[in-house]
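To keep things clear, I will list the structure first and then write my remarks on it.
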Amino acid sequence: MIRLAVIAVLACAGPAAMAFEPGQSDYVFSSDMSAQGFAPFGTGGSGNTLYGMANGSDIYLCFLFDTPENQATRQTALLAELAGTAKSRTIPNIPVVCVMTQ
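Mapped onto mature numbering (1 follows the signal peptide of the UniProt record, and there is no 0), the consecutive letters of the sequence shown carry residue numbers -19 to -1, 1 to 83.
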């Protein structure tokens, strides 16, 4: 009888847990998080993440936030460097943004 009651409560709790709406927060650049004392941790690439950042109970997952144009600019500049024909060493940074988990 008790076992049946527990199963009934858990069965009803499932749909309620699924109805929970995630909150919203601003994304943060990885470099800013490092400056705030967050420490990186490995994620194994799950969900296309690069890595995660944690500080206490605050956990963020980090992703590339790049454009094909910036990728092409970096590749062209690095190939020119290898060929000895580089005019400048200035290239676009690779933006990594981190999103809060809940």
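Cβ coordinates follow ideal geometry from the N, Cα and C atoms, glycine included.
Please identify the residue among Glu2, Gly4 and Pro76 whose C-alpha is closest to the C-alpha of Phe44. By 1-based counting over the sequence shown, the position of residue 44 is 63. Just measuring C-alpha positions, the residue of Glu2, Gly4 and Pro76 sitting nearest Phe44 is Pro76.
Could you tell me the distance, in whole angstroms, from the CA atom of Ala(-3) to the CA atom of Arg55? One-based indexing of the sequence shown puts residue -3 at position 17. One-based indexing of the sequence shown puts residue 55 at position 74. Model confidence at Ala(-3) stands at a pLDDT of 49, short of 50, so the residue's coordinates are unreliable; what they give is reported in the following sentence. Ala(-3) and Arg55 have their C-alpha atoms some 45 Å from each other.
Among residues of its own chain, excluding the 5 on either side of Asp47, which ones have a beta-carbon nearer than 8 Å to its beta-carbon? Here residue 47 corresponds to residue number 66 of the sequence shown, with the count starting at 1. These residues qualify, in order along the chain: Ile75 and Pro76.
Quick one: which unbroken alpha helix (DSSP H) runs of 4-plus residues sit fully inside the stretch 30 to 64? Chain order, please. DSSP runs (the alpha helix (DSSP H)) wholly in the stretch 30 to 64: 49 to 64.
Hey, how far is the Cα of Ser38 from the Cα of Glu50? Position 57 of the sequence shown, counting from 1, holds the residue named residue 38. Position 69 of the sequence shown, counting from 1, holds the residue named residue 50. Taking the straight line from one Cα to the other gives about 37 Å.
Sequence-distant residues of its chain with Cβ nearer than 7 Å to Gly4 (five each side left out): The sequence position of residue 4 within the sequence shown is 23, counting from 1. Annotation for Gly4: Gln83 place their beta carbon closer than 7 Å to its own, counting only its chain and skipping 5 residues before and after.
Ala20 bridges to which residues according to DSSP? Position 39 of the sequence shown holds residue 20. Ala20 is bridged to Ala35.
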